[in-house]
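The structure under discussion appears below in the form of C-alpha cells.
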Amino acid sequence: MTVPPISFVLGVALWVLFFSKPCLTVFVSIDCGSSQSSTDENNIRWVGDGDYIQHGESHDVYLGSNPLSTLRAFPNRKKSCYSIRVGKGEKILTRASFYYGNYDKKFSPPVFDLQFDGNYWATVNSSSYYYVDYEAIYITKGNFTSICVAQTKPNQIPFISSLEVRSLDPTMYSHVDPNHALILQWRYAFGGNQTIRYPDDVFDRIWTPSFGIGLSEVKSEASGIDTSTAEDHPPQAALGNAVISSSTTQNMQFINRLPTEELPIYITAYFSEVNESAAGKRSIQMYVDNKPFLSPIVPPFGSVKEVYITNVTASANTSFVLQASATSTLPPVLNALEVYTLSDTLTAGTDSRDVQGLLQLQLAFEVLVEWSGDPCLPNPYNWDWIQCNSEVKPRVIALYLNGYNLRGTLPDFSSMNALEIIHLQNNTIEGPIPDFLGLLPNLKTLNLSNNRFNGSIPTSLKNKNIELVTTNNCLSGMKCQPLSDSPKKLPKSPLQFVSGDEPLGGGSEKIINNLNIAFIVAMQTLLLLVYSAVHF
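The sequence shown runs -25 to -1, 1 to 511 under mature numbering (1 follows the signal peptide of the UniProt record, and there is no 0).
Rendered as C-alpha cells:
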C-alpha cells in the first residue's frame, strides 16, 4: 500500500475538520451486552456494545435474536456511560430500553436513574415481565452524547438492554427552548393496528397503534398524504387512519397519563381529513381545562395540519378535549398525537479546563479510559476518582488516584487549576515530578509516595506551602526500589479518545482497521493540536 505524504494527509484532515458539514448523520442501534451484529425485521442494523463501553457484565435473558435478549449490568460503578459520536449542535432522538427478565435469578427488578450529557432523564422502573423504554429529544452540545445509568439505591444494580440514537431534521420540534429536552410520554397513531417505525418513519420514531373508547376507526380515502410542509415530518403511515366521534355532540378526550405534579409540556396533534367528498364542514375546537385553545382546526384532505400545545404546564388532572366547533357539521377527527414533558434547563457541563486535563490523564493511563460521560454531572454522580464542587459549571477540586495501577509518566494537566487535593500514591508513575504541580494556585495536598519519580523536587513545590508526601520514590537521595515484573499494557491510540468537547473515555468508537501508520500519526498530532487550540 502506498503511504501518502504527511503534508497531504494533514491537508485533507484540516479540510475535513474545518470545511465539511458540521452535522453528522447518526443512526446507531446498540445491542447492549452482545458481541454480535444483526439486522432486524425493520432492516435496522444492530451492533454489539464492545466499541462503546469497556466495563460491566454481559447477561442473556433468553428472547431469541431480539436485541432485548441480552443486557449489560453495572455492579461496580455508581455511574456507567455509553458515549456516541454525534454532530455538535445536532438535534437527536435517543431511546434507551430495559428488560430485566430475571437475568440474575433474584426476582428483584431494580430501580435506578437514567441520564444524558450530565442531565437527569428518568427513573427506570424495570420489570420481570415486560420491557420499558425511555425517549428524549435534545440538541447536542459537543461531538459526543453520553447516555448513563446510575445506581441510586443499595443492591439495585443498573443495567441496559438497548440504546438507539437518531439524527433529526433541525427544524423538527422547534417550538421549544433548545435549552430543554423533550421527554416522550406517549406517541400514538390512531385508527390503525400496526406499530409504525423505520423505514416508514425515516427518523425511527415509534408510533403505537391506538383507538378511542366510544370512537370509530376510519381509514383515509386519500391515496397519499403530503407531509412536506409539516415541520415535525410525521410519516404518511401514521396519518392514513384516524379515530372519529359518532356525532358533532360527542367530544373526544385525550387519556391523560401525565405525572401528578404540574410540568411544562409540548404536544403535537396531527389532523388530516379522511373523506375526499365529505358532505359538510369539519371544524374542530381544542379545549385545555375547558378553555378554548387556539382557533378552530380544519383538517386538510391529502395533507396534514399540525397543532402545537406549548408554553403551558399540565398534570394528570389537566383535561384535553376535541369537539366540533359551532360551525362544524361533521364530528372531530384525530390521526396522530405526540405528548412530551420538558426537562429542566440543560447543564453546561463540567468546566472545559477540567475536561481537558482529565482527557490528558486518560490519554496517559489506559485504566482511566473506562470512565466516560460528564465527569461531575449530574450531582452526585461524578467519576469515582474525582471530587467536584457544587458550582453550576462545576470544577474538579480533587484527584483520588491512589492505587489505580497507573504506569508511565505524568501528563500535563495544568489546566485543572481548581485542584486542591491530588492523591497519586501507590502507583508506578515514573519520570521527573512536573513543575506545573507547584503552580496550581489552590493546591493544598499532594501525595506522590510509593511511585518511581526521579530527579529532584521542583522549586515550585519547595516554595509552596502545601502538604507534600514523596516517600518511597527514586528521587535524589532516595534508594530506588526494584520495579515489579507485572506486565505493562501498551497504551491505546489517542485517536480513540480525543473529542473536540469532552474525553471520550470508554465510549470510544473503534477507528477503522488497517489505516497506514503515517495517516494515524498525522491525525493524532493534528487532532491534539486542534483540540488544544480551538476548543479550549
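Just so it is clear, CB atoms sit at the ideal spot from N, CA and C, and this is done for glycine as well.
1. For T170, which residues of its own chain have a beta-carbon under 8 Å away from its beta-carbon, when the five flanking residues on both sides are left out?
2. Is the separation between the beta-carbon of Y262 and that of K54 shorter than 8 Å?
3. For the ligand SAM, is there any heavy atom lying closer than 7 Å to the beta carbon of H34?
4. Relative to the C-alpha of S435, which residue among Q29, Y75, F411, M453 is closest?
5. Only counting the same chain, and skipping five residues up and downstream in sequence, which positions put a Cβ closer than 8 Å to that of G199?
6. Excluding the five sequence neighbours on either side, which residues of its own chain have a C-beta within less than 6 Å of the C-beta of K194, listed in chain order?
7. Can you tell me whether G255 is buried or exposed? The criterion is at least 16 other CB atoms within 10 Å of its CB, across all chains shown.
8. Just the C-alpha distance for residue 521 and N380, rounded to the nearest angstrom, thanks.
9. If you follow the alpha helix (DSSP H) that Q337 is in, where does it begin and where does it stop?
10. In the DSSP output, what is residue 550 paired with across the bridge?
11. Determine the DSSP secondary structure at R427, reduced to helix, strand or coil.
12. Going by Cα to Cα distance, which pick from I158, P369, E345 is closest to C351?
13. My output table needs one value for A212: the three-state DSSP class, helix, strand or coil.
14. Give me whichever residues DSSP pairs with E237 in a beta bridge.
15. Let's test the definition: count the other Cβ atoms within 10 Å of the Cβ of P129 and tell me whether it reaches 16, buried, or not, exposed.
16. Do you know offhand how far E205's Cα is from M147's?
17. Counting only runs of 3+ residues fully inside the region 236 to 296, write out the beta strand (DSSP E) ranges in chain order.
18. Out of curiosity, what's the CA-to-CA distance linking S44 and Y109?
19. Inspect the beta-carbon positions of R431 and L450 and report whether they are closer than 8 Å.
20. Can you tell me where the alpha helix (DSSP H) holding L394 begins and where it ends?
21. Suppose you measure from the CA of R257 to the CA of V273; what does that come to, to the nearest Å?
22. Kindly give me the distance between the Cβ atoms of T293 and L233, rounded to whole angstroms, as I take these residues to be in contact under 8 Å.
23. If you follow the alpha helix (DSSP H) that K437 is in, where does it begin and where does it stop?
24. Measure the C-alpha to C-alpha separation of S483 and K116 and round it to an integer number of angstroms.
25. Considering only the alpha carbon of each residue, which of Q29, Y37, V1, S33 lies closest to R20?
26. Do three or more CB pairs link the region 147 to 163 to the region 78 to 85 at distances below 8 Å?
27. Helix, strand or coil for F49 per DSSP?
28. Round the Cβ separation of E422 and Q400 to the nearest angstrom and send it over; I've been treating them as touching at under 8 Å.
29. Please list the terminal residues of the continuous beta strand (DSSP E) segment that includes Q160.
30. Give the straight-line distance between the Cα atoms of R47 and I441, rounded to the nearest whole angstrom.
31. Run through the DSSP bridge pairs and tell me what Q169 is partnered with.
32. Under 6 Å Cβ to Cβ from R52, same chain only, skipping five residues before and after it: list those, please.
33. The beta strand (DSSP E) with V99 in it runs from where to where?
34. What's the call for M391, buried or exposed, on a 16-neighbour Cβ count within 10 Å?
35. Measuring alpha carbon to alpha carbon, tell me which of A299, E366, N402 ends up nearest A323.
36. Taking CB distances under 8 Å as the criterion, tell me whether T98 reaches chain D.
In terms of the structure at hand:
1. Here residue 170 is taken as the residue at index 195 of the sequence shown, counted from 1. Answer for T170: I181, W182, T183, P184, listed in chain order.
2. Mapped onto the sequence shown, residue 262 falls at position 287. Mapped onto the sequence shown, residue 54 falls at position 79. Against a cut-off of 8 Å, the Cβ pair of K54 and Y262 comes out as no contact.
3. No copy of the ligand SAM occurs in the structure displayed, which carries no ligand at all.
4. Translated into positions along the sequence shown, residue 435 becomes position 460. By alpha-carbon distance to S435, the top candidate from Q29, Y75, F411, M453 is F411.
5. Locating residue 199 in the sequence shown gives position 224, where the first residue counts as 1. For G199, where only same-chain residues beyond five positions count, the Cβ hits under 8 Å are Q211, G277.
6. Residue 194 sits at position 219 when you count from the first residue of the sequence shown. Cβ neighbours of K194 within its own chain (closer than 6 Å, five residues either side excluded): N216.
7. Here residue 255 refers to the residue found at position 280 when the sequence shown is read from its first residue. Counting Cβ neighbours within 10 Å, G255 comes out exposed, since fewer than 16 surround it.
8. With the chain represented from -25 up to 511, any question about residue 521 goes unanswered, as that position is not in the structure.
9. For the purposes of this step, residue 337 is taken as residue 362 along the sequence shown, with counting starting at 1. Counting along the chain, the alpha helix (DSSP H) containing Q337 begins and ends at 327 to 339.
10. Nothing about residue 550 can be reported from this structure: the residues present for the chain run from -25 to 511 only.
11. Along the sequence shown, read from residue 1 onward, the residue named residue 427 stands at position 452. In this structure, R427 counts as strand in the three-state DSSP scheme.
12. For the purposes of this step, residue 351 is taken as residue 376 along the sequence shown, with counting starting at 1. Of the candidates I158, P369, E345, the one whose C-alpha sits nearest the C-alpha of C351 is P369.
13. Counting from one through the sequence shown, the residue named residue 212 turns up at place 237. The answer is helix: DSSP assigns A212 an H, G or I state.
14. Here the question's residue 237 lines up with position 262 in the sequence shown. Beta-bridge partners of E237 (DSSP): none assigned.
15. Mapped onto the sequence shown, residue 129 falls at position 154. So P129 counts as exposed.
16. Counting from 1 along the sequence shown, the entry for residue 205 is found at position 230. Counting from 1 along the sequence shown, the entry for residue 147 is found at position 172. A small correction: the amino acid at residue 205 is Ala; Glu does not occupy that position in the sequence shown. Rounded to the nearest angstrom, the two C-alpha atoms are 9 Å apart.
17. Segments of the beta strand (DSSP E) lying fully in the region 236 to 296: 238 to 246, 259 to 263, 266 to 272, 280 to 289.
18. Taking the sequence shown and counting its residues from 1, one reaches residue 44 at position 69. Taking the sequence shown and counting its residues from 1, one reaches residue 109 at position 134. For S44 and Y109, the distance between alpha carbons rounds to 18 Å.
19. Stepping through the sequence shown from its first residue, residue 431 is reached at position 456. Stepping through the sequence shown from its first residue, residue 450 is reached at position 475. It is worth fixing the name first, because residue 431 is Ser in this sequence and not Arg. Contact annotation: S431 and L450 have beta-carbon atoms nearer than 8 Å.
20. In the sequence shown, residue 394 corresponds to position 419, counting from 1. Careful: L394 lies outside any alpha helix (DSSP H) and carries neither H nor E.
21. What you label residue 257 is simply residue 282 of the sequence shown in a count that begins at 1. What you label residue 273 is simply residue 298 of the sequence shown in a count that begins at 1. For R257 and V273, the distance between alpha carbons rounds to 6 Å.
22. Position 318 of the sequence shown, counting from 1, holds the residue named residue 293. Position 258 of the sequence shown, counting from 1, holds the residue named residue 233. Contact holds; Cβ gap of about 7 Å.
23. The residue you call residue 437 lines up with position 462 of the sequence shown. Unbroken alpha helix (DSSP H) run through K437: 434 to 437.
24. Here residue 483 corresponds to residue number 508 of the sequence shown, with the count starting at 1. Here residue 116 corresponds to residue number 141 of the sequence shown, with the count starting at 1. With a pLDDT of only 36 at S483, under 50, the local geometry of the prediction cannot be trusted, and the value read off the model is given with reservation. K116 has its alpha-carbon roughly 17 Å from the corresponding atom of S483.
25. The residue given as residue 20 occupies position 45 in the sequence shown. If we check each option's Cα against that of R20, V1 comes out closest.
26. Too few Cβ pairs lie closer than 8 Å, so no.
27. Translated into positions along the sequence shown, residue 49 becomes position 74. Reduced to three states, the DSSP call for F49 is coil.
28. Position 447 of the sequence shown, counting from 1, holds the residue named residue 422. Position 425 of the sequence shown, counting from 1, holds the residue named residue 400. Rather than Glu, the amino acid found at residue 422 in this sequence is Asn. Cβ atoms of N422 and Q400 come within 8 Å of each other, at about 5 Å.
29. Here residue 160 refers to the residue found at position 185 of the sequence shown. Segment 157 to 165, the beta strand (DSSP E) holding Q160.
30. Taking the first residue of the sequence shown as 1, we reach residue 47 at position 72. Taking the first residue of the sequence shown as 1, we reach residue 441 at position 466. One C-alpha to the other measures close to 44 Å.
31. For the purposes of this step, residue 169 is taken as residue 194 along the sequence shown, with counting starting at 1. Beta-bridge pairing links Q169 to no other residue.
32. In the sequence shown, residue 52 corresponds to position 77, counting from 1. Beyond the five residues adjoining it in sequence on each side, R52 comes within less than 6 Å, by CB distance, of no other residue in the same chain.
33. Within the sequence shown, the letter at position 124 stands for residue 99. In the DSSP annotation of this structure, the continuous segment of the beta strand (DSSP E) that includes V99 starts and ends at 94 to 100.
34. As a first step, residue 391 must be located in the sequence shown, where it is residue number 416. With 16 or more other Cβ atoms within 10 Å, it is buried.
35. Your numbering for residue 323 matches position 348 in the sequence shown. Checked all of A299, E366, N402; the closest Cα to A323 is E366.
36. Within the model displayed, chain D is absent; a lone protein chain is all it includes.
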